[in-house]
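These notes concern the structure reproduced below.
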Amino acid sequence: MNKIHLAALIFGLFSASSLANMTPYVGVNLGIGGIEAPDADIDGMNYSQESGKFAWGLNSGVLFNTEMNNKFQYGAEVSYSSYATNETKIENLKFDYDGYNIAALGVIKYNFNKKWSVFGKAGAAYTVQELSSNASNFNKKESKVLPKIALGGAYNVTDNMALNVSFEHVFGDDLAEFTNKANRYQLSDYTNVGSVTTMYIGASYSF
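Note that our numbering gives residue 74 to position 70 of the sequence shown, counting from 1, and the numbers run on in steps of one.
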């Protein structure tokens with residue numbers, strides 16, 4: 005029984021210590037970016053492309069203080085990111101890329117002082133991409149788990165509220181270029197899950 009009581013006491017102290025050093029947070033981000041536009045090789049035809057427009061995201065995670073250096077924190081988060089349609093027009097043909105990703109990321113944060121900090125994130129993102137076209141009413145949705153990274157900085161407005169700027173990138177496939185050269189690509193060649201790049205301004209709240 006003594007061993008059981010001792011184990012319970014140690015577990016209780018460890019749990020209390022972990023909770024004391026744990027900082028949960030939630031955040032919202034607004035910015036620009038999206039699926040990286042395919043290259044184009046178009047001769048003698050009207051061509052236009054719109055990409056890198058409005059993007060937004062939500063994230064929630066937890067940070068732990070390190071015992072060796074109180075300036076460093078580490079943790080994990082989950083996030084959801086969505087981005088505006090990437091639209092390409094070639095004469096009367098139209099191609100729209102839409103998508104989103106859900107990510108699980110490890111987080112490292114360095115606090116210069118009580119106000120300023122920088123952070124890095126890395127992990128995997130379940131990335132969904134849908135291509136629709138008025139060519140033969142084509143519509144195809146693909147998904148893939150891809151590597152994702154993020155870098156950013158934050159300014160603490162209060163003890164609980166922070167403003168941040170960040171850059172995020174999902175490492176996807178190279179999308180086939182749009183071209184009017186004969187026998188180069190089929191519609192199915194354009195359905196690879198492409199890379200995603202976004203830049204955000206956001207706010208986070210720590211509990």
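Beta carbons are placed, not taken as given, at the ideal position from N, Cα and C, and that holds for glycine.
{"query": "Beta-carbon proximity check, residue 81 vs residue 111, cutoff 8 angstroms", "result": "yes"}
{"query": "Extent of the continuous beta strand (DSSP E) run through residue 175", "result": "Element bounds for residue 175: n/a, residue is neither H nor E."}
{"query": "Anticipated Cβ contact below 8 angstroms, residue 200 with residue 176, distance rounded", "result": "7 angstroms"}
{"query": "Distance CB(residue 198)-CB(residue 33) smaller than 8 angstroms", "result": "no"}
{"query": "Cβ shell of residue 63 (< 6 angstroms), same chain only, five flanking positions each side left out", "result": "31, 81 and 83"}
{"query": "First and last residue of the uninterrupted beta strand (DSSP E) at residue 146", "result": "142-160"}
{"query": "Same chain, Cβ closer than 6 angstroms to residue 124, neighbours up to 5 away in sequence not counted", "result": "112 and 155"}
{"query": "Per-residue burial, residue 131 [other beta carbons within 10 Å of its own, 16 or more giving buried]", "result": "buried"}
{"query": "Cutoff 6 angstroms; reference residue 106; Cβ partners in own chain excluding five residues on either side", "result": "84 and 130"}
{"query": "Rounded separation between residue 134 and residue 181 - CA only", "result": "17 angstroms"}
{"query": "Beta-carbon proximity of residue 152 to residue 174, cut-off 8 angstroms", "result": "yes"}
{"query": "Residue 48, buried or exposed, once every other Cβ within 10 Å from all chains shown has been counted against 16", "result": "exposed"}
{"query": "Buried/exposed call for residue 58, threshold 16 Cβ in 10 Å", "result": "exposed"}
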